[in-house]
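Undergrad:
Numbering (the numbering used here), first residue to last: 367 to 454.
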């Protein structure tokens, strides 16, 4: 069975589903959906979880776009390091 990766519209919906019970402030979901091209639903869930963890570490009560941006950079960096390790 083959599953295609979600398109931008689907990624936007996945982001909204996984964050619906979170306390958010000024999160640009459309921008995040664009930046997560190539992400699976599981990758997006990991992004949401990591943004929440970053917020908790700062002892904040609302997850902001900055938390998502930092989480995205961390996930992309880890993905790059894994690919570099595999192909070297």
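Ideal placement from N, C-alpha and C gives every residue a C-beta, glycine not left out.
Using alpha carbons as the reference points, say which of 445, 430, 379 lies closest to residue 388.
TA: For residue 388, the nearest C-alpha among the options comes from 430.
Undergrad: Going along the chain, which residues of its own chain have a beta-carbon closer than 7 Å to the beta-carbon of residue 425, five neighbours each way excluded?
TA: Closer than 7 Å at Cβ, skipping near neighbours: no residue.
Undergrad: Helix, strand or coil for residue 415, going by three-state DSSP, please let me know.
TA: Looking at residue 415 - three-state DSSP - the assignment turns out to be helix.
Undergrad: What is the C-beta distance between residue 378 and residue 401, in whole angstroms, given that I count them as a contact (C-beta under 8 Å)?
TA: The Cβ separation is near 11 Å, so there is no contact.
Undergrad: Just verifying my parser: in three-state terms, what is the DSSP assignment at residue 451?
TA: Model confidence at residue 451 stands at a pLDDT of 48, short of 50, so the residue's coordinates are unreliable; what they give is reported in the following sentence. Helix at residue 451.
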